[in-house]
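Student:
Residue numbers (UniProt numbering): 1 to 431.
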């Protein structure tokens, strides 16, 4: 395969010596740009050494550095790389995002694009030349970012991959539009990720947590919204965003034992109310007593809206994710302290800032070590139900990209859901 060169060098010999010129090639058209002297490139790079350059290797270094630093441009379709990526991930102004969402509605959400923009802005942008052009981005630029992030040791492999993705997707689009000939990220060495194993509570631990929350909420010592959110996730496997977005109209009482919840919305930090993760509506069986408790909670909504998990501070949004997470985590940590006879003990842990440490309770340390989070309730539900109902049926209920029983609610669907409900009602004892 013929090697593709970024530039050619020409040495012009005159009576008093010689001069070097560089001919750059447009990466898209292959056309040769007008020659530029190596002395001119030195000045543009801020090198004001007037001594003559005689070695070809020095000339190649300066020519390549001018390319890497964005000194050389190839016309109007060669934007500044940093500006290009920042605009690419701007949800309000990106033409790419607008067109993607027109072709496939809700395929790119506000939260996802904002996160991508922030990954790039925080971790990649500071390590890039400010005047680097899109066509001049090389594998070396991206590799420098990756190696620096690894050397810092502050980010997990999965996060570093997100940083790479924040550049790779815009570069792929530029390649598709023939703004560049290839995506330099394609030559990057692979980064392996080993996701942290999702923690799961034991049956005994889950029962104790629910009993503690229930007792304290009846004594007005624990927020009933956090208690009901926890119970709902344990009985249905619903995600926290889906629970927070729940409205009274989505709860239907079917018989004396069960109800069915229509899961069609979720809530995100920046996007607010949106469709669920799988973009599909689904139906989830739920014990009748829990449905009634949820409807009763909704009836106490001070704003008169249908939100079940209403907020004390705003009519527009439900309770925050942190509101649920903080109380849930503390309850788990307190229980683990009691189980391990370490009440009152403190542990020193490292923070994200290099060299800094802070003290946390031993129970919180154990919770983090086991990776027990609110989403662990969903994991518990799936683990409990697997093998007791068909996989396709379970996937439909938890929203794992299955098309069965979505957007097609019939009497037969209801019977199958109630079958699931008869199993899931055994996850926890009735109050």
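All C-beta atoms in this analysis are idealised placements derived from N, C-alpha and C, irrespective of residue type, glycine included.
None of the values given here were measured: they were computed from a predicted structure.
1. Going by CA-CA distance only, name the one from 57, 287, 159 that's closest to residue 258.
2. Within the stretch 18-51, note down every full alpha helix (DSSP H) run reaching 4 residues or more, in order along the chain.
3. Under the three-state reduction of DSSP, which class applies to residue 198: helix, strand or coil?
4. Residues in the same chain with beta-carbon distance under 7 Å from residue 32, minus the five sequence neighbours each way, listed in chain order, please.
5. Report all residues from its chain with a CB closer than 7 Å to the CB of residue 406; omit the five preceding and five following residues, and keep chain order.
6. Can you tell me which of the three DSSP states residue 286 falls into?
7. By the three-class DSSP mapping on this structure, what secondary structure does residue 258 have?
8. Measuring CB to CB, does residue 128 end up less than 9 Å from residue 174?
9. Between the alpha carbons of residue 378 and residue 126, how many angstroms are there, rounded?
10. Please tell me whether residue 142 and residue 170 are closer than 9 Å, where the distance is taken between their beta carbons.
11. What is the residue span of the beta strand (DSSP E) that residue 272 lies within?
12. Report the three-state DSSP secondary structure of residue 356 (helix, strand or coil).
13. Report yes or no: do the stretch 146-158 and the stretch 103-120 share at least 3 C-beta pairs separated by less than 8 Å?
14. Would you mind sorting residue 182 into buried or exposed? The rule is 16 or more other CB atoms within 10 Å of its CB.
15. What do you reckon, are the CB atoms on residue 284 and residue 247 nearer than 9 Å?
16. Rounded to the nearest angstrom, what separates residue 18 and residue 160 at their Cα positions?
17. Any idea what DSSP makes of residue 8, helix, strand or coil?
18. Since residue 130 contacts residue 62 with CB under 8 Å, what's their CB separation in whole angstroms?
19. Have a look at residue 441 and residue 323 and give me their C-alpha separation to the nearest angstrom.
20. So if DSSP puts residue 252 in a beta bridge, which residue, or which two residues, is it bridged to?
21. By DSSP's criteria, residue 268 is part of a beta bridge. Which residues make up the other side?
22. Locate the alpha helix (DSSP H) running through residue 142, then write down its first and last residues.
23. When we look at the beta-carbon of residue 390 and count the other beta-carbons within 10 Å, is it buried (16 or more) or exposed?
24. In three-state terms, what does DSSP make of residue 373?
25. Output the residue ranges of the alpha helix (DSSP H) runs that lie fully inside the stretch 79-144 and measure 4 residues or longer, sorted by chain position.
26. In chain order, what residues of the same chain have a beta carbon less than 7 Å from the beta carbon of residue 139, not counting five sequence neighbours either side?
27. Below 8 Å, can you find three or more Cβ-Cβ pairs linking the stretch 335-344 to the stretch 359-379?
28. Taking its Cβ as the centre, do 16 or more other Cβ atoms sit within 10 Å of residue 299, making it buried, or is it exposed?
29. Across the stretch 368-382 and the stretch 220-234, are there enough close Cβ pairs to call them in contact, namely three or more that are closer than 8 Å?
30. Should residue 194 and residue 157 be called a contact, given that it needs their Cβ atoms to be closer than 9 Å?
31. Taking the beta carbon of residue 327 as the centre, do at least 16 other beta carbons fall within 10 Å, making it buried, or is it exposed?
32. Name the residue from 80, 252, 214, 263 whose alpha carbon lies nearest to the alpha carbon of residue 238.
Tutor: Inspection of the coordinates gives the following:
1. 287
2. 38-44
3. coil
4. 23, 25
5. The predicted model places residue 406 with a pLDDT of 38, which falls under 50 and marks its position as unreliable; any figure quoted below should be read in that light. The answer, listed in chain order, is 280, 281, 282, 396.
6. strand
7. strand
8. no
9. 38 Å
10. no
11. 272-275
12. coil
13. no
14. exposed
15. no
16. 47 Å
17. strand
18. Contact flag wrong, Cβ pair sits at about 19 Å.
19. The question about residue 441 has no answer here: the residues shown for the chain are numbered 1 through 431.
20. 260
21. 272
22. 139-152
23. exposed
24. coil
25. 81-88, 95-103, 110-119
26. 184, 187, 188
27. yes
28. exposed
29. yes
30. yes
31. buried
32. 263
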